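Visitor: Pasting a structure below so you can have a look.
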Amino acid sequence: MDFLRVFDLPLDSHIDLPYESQLPSIGTGFLVEPLEDKPQNPILDALKLEALNSNLPPRPKPSPKQVPIPKELSLLALDSSPPKPAADRVTALWRDALIRRQGVKNGLLSWDRLRQSHPSHASPTSFLSEQDDRVFTAALLHVQPRPYDTVLNIPVSDKELLEGLNTTVLGISSSLFTWNTDEESFKACSPDPGKDVVFSLEGKDETITNSSIITRFLTIGTLLRRLELLVTELRRRSATDGPTIHAFAHALSTTLSYIRDSLMRTPPSAEDLALESDRYPLFFLWTHYLPYEELLSSLATFCKRNIELVPTSYEALESQPIPLLSRIYEHLELNFEQHSSSLIRSVFAFILTCTSQEYIQDIARSVGFGKPAPKRAPKREQSTYELQLEDDEDEEEEDILELLDNVETNFPSFFPKKTIEALPAAQKSLVLLRIAQPEHRLLSTAHSHPTIRWIWTTDEINAAWSGKPVPSDSNGPQNSNLHLLSEEATSAGLAAFKLFDLEPGSLTTQSTFKMEAISPATLDAFIKRFPDALPAITPTMPDLTTLTFRSLTIHATEMSSTLLDVFLRSSDHLNFRSHLILLRSYLLLAGPKFKARILTALFSDAGQHELENNAHSMTIRSLRRRPGKQYGQGNQPWAVGLSPNLLDREMWPPVGADLSFFLRTVIVDSLDYRKEKDDVSDGEEGGTTPKLNSRGNPREHEDDDVSSQVIEEAGWRLGFAIRDLPTGSGRDKWMDPLSIEALDFLYMDYKPPHPMEILISPDILDKYQRMFTFILRLQRVECAIKSLFRMSSHKAIATYLFPTLTKSRRLLLHFRFIAHTFVESLSGYVFDTVIRGNFDPFLARLEQPPDVSSQDASFTDVFHLSRCHSAVLNDMLNACLLRTGQKNVGDLLRQCLEIVLELTIVIGELHRDRLKEYQAATFIEDLFSKFRGRMATLVRVLKGLVEKNSSSLKFVSDATPGATRRPTGGLDALYHLLVRLTLNDWWTEGQKAV
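Okay, so the sequence shown: first residue is 1 according to full-length UniProt numbering, each after it adds one.
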């Protein structure tokens, strides 16, 4: 124990070290003397060294010097007898300390021994670390002084520390710790502003006290205060941010109130600290606060307010509903996967339930599920005149596409996949159903639905799984504070409003505190009911989410199918199939009567030029401008194939009132024919049994299976219009009647009913119009080749075509034959394979009953039907080589048609004696060479496309009983075109000209 006396000396005491004058000098530590150049024998060298050391004389022992001690200590520690010399007193002090036995009093002498509160009972050990906490703390501070440290170490007792932490843990400044606004954390209170303070628990050093004990309490208080500041910040946000962020602020505030209430009930209470006790179960208290530290740490991580962050590094919290709800769900799912405590999972489930409640209700209302949102009252009174103007504006039809563009298509990540797929279509279907059938049962307010809410307990999950009503959640977070206290108010009726009849100031404060305690009580009830684990029916959060939104998914699917039935099964003007038949008959020229009338109005296959030479002159450019080659002076070439009525005017295009009236007459006459036929069919209903079509109606042809209301409205829905085409070099062929694009300025427009724009959209109509333009070009060439037959076959005029050039006449006949074969094959391919081969199977799919299991015969919603409608037209455009990606192949087909048309124009000029025989022969040879080269290239390219698309080589027999008719498709149909054009590779093997 003598070595311990050094620690009891004052700092300024001088200690004499023994043998200080005999200590050897310290040499260079890295010096190594060189070995002698002789054999080494370490054994003998060691023996010699030992002999030398044993013969040395013994060292003299110095007399021990007395270590002086302060006079105050000797006066207090020794008796009050007359003073002895200093050396005797010191010697007696330490001698008595050494020979004193363990007895009634503590035999350990230290500086802490001088205080009155020093324990005087005997100590079972002589180690300082095992003494009383204050004894050990005093010795520790004395042994490890910090004369130059700027940190002030203040020892505190258990009671003092707990009194300060009991307040700090609630996020409130205490006598030991105060809130630092700049760093948003608690700092120790310092009596000296220039020094930092470190508290050390008596009996523990500052490292153990701060890092192991105080840190948890400070973390809880700091995170609680930071989250409260976040709640204050969220509540200051504008209402334009939406209700979701404010619902989250309320849920977070409720959680913090619950945590604060729980911390206030956590020991030690104020009564426990008031008791005189020397020891407190610090380890028990430290462990008891662990769940709250974990919960607050998880909340702070979610809110991006971790304890490691400083205010300048905070990240903004998402305020939009979709990212905010997705983030809450992801944290909740992560806690389930990591098997976090039930408290953390229940709190995050509570926050998710409260925050998503209004958003889920909005989503449900957007598909007509639940009660509609209340309409907002007008901000100010309006006059009768203003109301009348607004009513007039409401009567105007709204743009369907603009309404549908406003529909939300993004949803939180936790929405089930089926729900995400069904919701956008259902939202759009609700908009269309309100326009199509405002009185539908799904739109009536009496059609009630259960409320969509999160289900967590086993009973609720089992009920939802079985399809039974989910038990009401009286303590759930979806109920407002007023509902929690509504039993007494409801029974009292209007007596609940007597609170407003009280005098100012008569209301006690207890009711206010009671209202504030409702929200934490709601959370406490939710936590108690929350299961420790999800049931086996829904073992994971995705399974639970699917069950929660199952009723919403079913309703969304029903909403989409209801609107689909309106367009497919109704017999009024909204029957989609009737509109399709009308579009096919008119825009695709599949109706026989309309096709005959439009051909008569626009084209002519007569073999004679019916315009006299003195007719109105037309400023039209000649067929081909070549140096030194002209067809004549002062007269224009004959536009073979066009109706003479279009060439009477002096301008092209022949735009005017006469043309508009004439084309309008074509539409009206064809519609009148349909109406007369319908009347005749209705009158013969009682006679012989008429033929029944697939819909069961008495019709003689499928084209006549159109709703009578659709036919009545078709008079103003159908109409011809003038297209605004570009002009300039190479782009103004439509201004030349001799060109194949002469009628491109004319197109046919169709105005579908108001809610049917989604099925017959402007993009779809544009595809119809492209097909209409292509068909007009084909009909022009077909009429022109028929005129060529009449000019070259009529007995009265045939002798005028190459009467002296027999070879040229034979070439003309051969060229006429293969050109006619090409045009007729192409025309049959377009109308039979492309149009009927694709359109008729699509119409057959529309007639399938809704319970058909075949995937090809069903449509999920009207938007799927619209996509299928558009896909049919895409196949038709592909089959006709009219798509943008088929420009090169389409140009080959167009050039072949142009060459045929140019041949007819040349023969027409020869027939009118405007060309010499030898001039026409040169043109025909040139055109035949070009046509043969273009056709060979076209056939070779078609073979490549067919071989590339292997599915086009597969045939499905439509004659098989019970088999579903397979559409010819787009690129698949090119095989039919290739077969029609050549069967024995006649074009590619290089035929000889006749």
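Using N, Cα and C, we set each Cβ at its ideal position, and we do this for glycine too. Because the structure is a prediction, the values reported are computed rather than measured.
With distances taken from CA atoms, which of 282, 835 and 234 is nearest residue 320?
Guide: As a first step, residue 320 is located in the sequence shown; it is residue number 320 there, counting from the start. Cα-wise, what sits closest to residue 320 is 234.
Visitor: Please tell me whether residue 889 has its Cβ less than 9 Å away from any Cβ of chain D.
Guide: Of the protein chains in this structure there is only one, and it is not chain D.
Visitor: Just to confirm before moving on: does the CB-CB distance between residue 1019 and residue 452 stay below 9 Å?
Guide: No information on residue 1019 is available, as it lies outside the stretch 1 to 994 that the chain covers here.
Visitor: Express the C-alpha separation of residue 257 and residue 198 in angstroms, rounding to a whole number.
Guide: Here residue 198 refers to the residue found at position 198 when the sequence shown is read from its first residue. Here residue 257 refers to the residue found at position 257 when the sequence shown is read from its first residue. The alpha-carbon of residue 198 is positioned some 31 Å away from that of residue 257.
Visitor: Which residues does DSSP pair with residue 749 in a beta bridge?
Guide: On the sequence shown, residue 749 is found 749 positions in, with the first residue counted as 1. DSSP, once it has assigned bridges, lists 719 as partnering residue 749.
Visitor: Which full runs of the alpha helix (DSSP H) of 4+ residues lie inside the region 337-366, going along the chain?
Guide: 342-366
Visitor: Leaving aside the five residues before and after residue 865 along the sequence, list all residues of the same chain whose C-beta is less than 7 Å from its C-beta, in chain order.
Guide: Locating residue 865 in the sequence shown gives position 865, counting from the first residue. These residues qualify, in order along the chain: 564, 759 and 859.
Visitor: Do you know how far the Cα of residue 808 is from the Cα of residue 932?
Guide: As a first step, residue 932 is located in the sequence shown; it is residue number 932 there, counting from the start. As a first step, residue 808 is located in the sequence shown; it is residue number 808 there, counting from the start. Their backbone Cα atoms lie some 16 Å apart in a straight line.
Visitor: Going by Cα to Cα distance, which pick from 162, 302, 184 and 355 is closest to residue 330?
Guide: By one-based count along the sequence shown, residue 330 stands at place 330. Answer by Cα proximity: 302.
Visitor: Could you work out which residue in 945, 917 and 837 is closest to residue 888 when comparing CA atoms only?
Guide: As a working note, residue 888 is residue 888 in the sequence shown. Looking at the Cα atoms, 945 is the closest of the given residues.
Visitor: Can you tell me the Cβ-Cβ gap for residue 352 and residue 862, rounded? I've got them flagged as a contact below 8 Å.
Guide: Taking the first residue of the sequence shown as 1, we reach residue 352 at position 352. Taking the first residue of the sequence shown as 1, we reach residue 862 at position 862. At roughly 34 Å, the Cβ-Cβ gap does not stay under 8 Å, so residue 352 and residue 862 are not in contact.
Visitor: From the DSSP output, in three-state form, read off residue 185 for me.
Guide: Here residue 185 refers to the residue found at position 185 when the sequence shown is read from its first residue. If DSSP states are grouped into helix, strand and coil, residue 185 belongs with the strands.
Visitor: Determine the contact status of residue 250 and residue 237, defining contact as a CB-CB distance below 9 Å.
Guide: One-based indexing of the sequence shown puts residue 250 at position 250. One-based indexing of the sequence shown puts residue 237 at position 237. It is not a contact, given that the beta carbons lie outside the stated cut-off.
Visitor: What are the start and end residues of each continuous alpha helix (DSSP H) run of 4 or more residues lying completely inside the region 824-880, in chain order?
Guide: Counting whole runs of 4 or more residues, the region 824-880 contains the alpha helix (DSSP H) stretches 837-846 and 862-879.
Visitor: Helix, strand or coil: how does DSSP classify residue 259 here?
Guide: Reading the sequence shown from its first residue, position 259 is the one you call residue 259. Under the three-state reduction of DSSP output, residue 259 falls in the helix class.
Visitor: Measuring CB to CB, does residue 222 end up less than 9 Å from residue 185?
Guide: For the purposes of this step, residue 222 is taken as the residue at position 222 of the sequence shown. For the purposes of this step, residue 185 is taken as the residue at position 185 of the sequence shown. Contact flag set, yes.
Visitor: Considering only the beta carbon of each residue, do residue 789 and residue 607 sit closer than 9 Å?
Guide: Residue 789 sits at position 789 when you count from the first residue of the sequence shown. Residue 607 sits at position 607 when you count from the first residue of the sequence shown. A contact, by the Cβ cut-off of 9 Å.
Visitor: Please name the residue or residues paired with residue 178 in a DSSP beta bridge.
Guide: Working through the sequence shown from its first residue, we reach residue 178 at position 178. The partner list for residue 178 (beta bridge, DSSP) reads 187.
Visitor: Pick helix, strand or coil for residue 310, following the three-state DSSP scheme.
Guide: Residue 310 sits at position 310 when you count from the first residue of the sequence shown. Coil, per DSSP.
Visitor: Keeping to the same chain, check which residues put their C-beta closer than 6 Å to that of residue 781; ignore five residues upstream and five downstream.
Guide: Translated into positions along the sequence shown, residue 781 becomes position 781. Hits under 6 Å: 823, 897, 900 and 901.
Visitor: On the CB-based measure, 16 or more other CB atoms within 10 Å of its CB, does residue 347 come out buried or exposed?
Guide: Taking the sequence shown and counting its residues from 1, the one referred to as residue 347 is at position 347. So residue 347 counts as buried.
Visitor: Using 8 Å as the Cβ pair cut-off and three pairs as the minimum, do the region 456-470 and the region 523-543 touch?
Guide: As far as the Cβ criterion goes, the region 456-470 touches the region 523-543, which means the pair count is three or higher.
Visitor: Which residues share a DSSP beta bridge with residue 200?
Guide: For this step, residue 200 is matched to residue 200 along the sequence shown. Answer is 155.
Visitor: Are there three or more Cβ pairs, one per stretch, closer than 8 Å when the region 709-724 is compared with the region 867-877?
Guide: no
Visitor: Within this structure, are the beta carbons of residue 653 and residue 746 separated by less than 9 Å?
Guide: Residue 653 sits at position 653 when you count from the first residue of the sequence shown. Residue 746 sits at position 746 when you count from the first residue of the sequence shown. It is a contact, given that the beta carbons lie within the stated cut-off.
Visitor: Taking the straight line between their C-alpha atoms, what separation do you get for residue 409 and residue 423?
Guide: Translated into the one-based positions of the sequence shown, residue 409 becomes position 409. Translated into the one-based positions of the sequence shown, residue 423 becomes position 423. Looking at the two C-alpha atoms, the distance is approximately 8 Å.
Visitor: Quick one: Cα of residue 723 to Cα of residue 834, how far?
Guide: Here residue 723 is taken as the residue at index 723 of the sequence shown, counted from 1. Here residue 834 is taken as the residue at index 834 of the sequence shown, counted from 1. Whole-angstrom Cα-Cα distance: 25 Å.
Visitor: Rank 661, 573, 647 and 225 by C-alpha distance to the C-alpha of residue 604 and give the top, closest one.
Guide: Residue mapping note: residue 604 aligns to position 604 of the sequence shown, counting from 1. Answer by Cα proximity: 647.
Visitor: Do you know whose CA, among 178, 153, 151 and 152, lies nearest residue 164's CA?
Guide: On the sequence shown, position 164 is the one that residue 164 refers to. It is 178.
Visitor: Can you tell me the Cβ-Cβ gap for residue 768 and residue 718, rounded? I've got them flagged as a contact below 8 Å.
Guide: Here residue 768 refers to the residue found at position 768 of the sequence shown. Here residue 718 refers to the residue found at position 718 of the sequence shown. Actually they do not touch by this definition, with Cβ atoms about 12 Å apart.
Visitor: Have a look at residue 831 and residue 450 and give me their C-alpha separation to the nearest angstrom.
Guide: In the sequence shown, residue 831 corresponds to position 831, counting from 1. In the sequence shown, residue 450 corresponds to position 450, counting from 1. Approximately 53 Å between the Cα atoms of the pair.
Visitor: Please classify residue 217: does DSSP put it in a helix, a strand, or coil?
Guide: Residue mapping note: residue 217 aligns to position 217 of the sequence shown, counting from 1. Here residue 217 sits in helix by DSSP.
Visitor: By DSSP's criteria, residue 603 is part of a beta bridge. Which residues make up the other side?
Guide: Position 603 of the sequence shown, counted from the start, is the residue given in the question as residue 603. Answer by DSSP bridge pairing, in chain order: 642.
Visitor: Which residues in the same chain as residue 380 place their Cβ atom closer than 6 Å to its Cβ, once the five residues preceding and following it in sequence are excluded?
Guide: Your numbering for residue 380 matches position 380 in the sequence shown. Since pLDDT at residue 380 reaches only 38, below the 50 mark, its modelled position is unreliable, and no value is offered.
Visitor: Out of 573, 583 and 456, which has the shortest C-alpha to C-alpha gap to residue 529?
Guide: The residue labelled residue 529 in the question sits at position 529 within the sequence shown. Of the candidates 573, 583 and 456, the one whose C-alpha sits nearest the C-alpha of residue 529 is 456.
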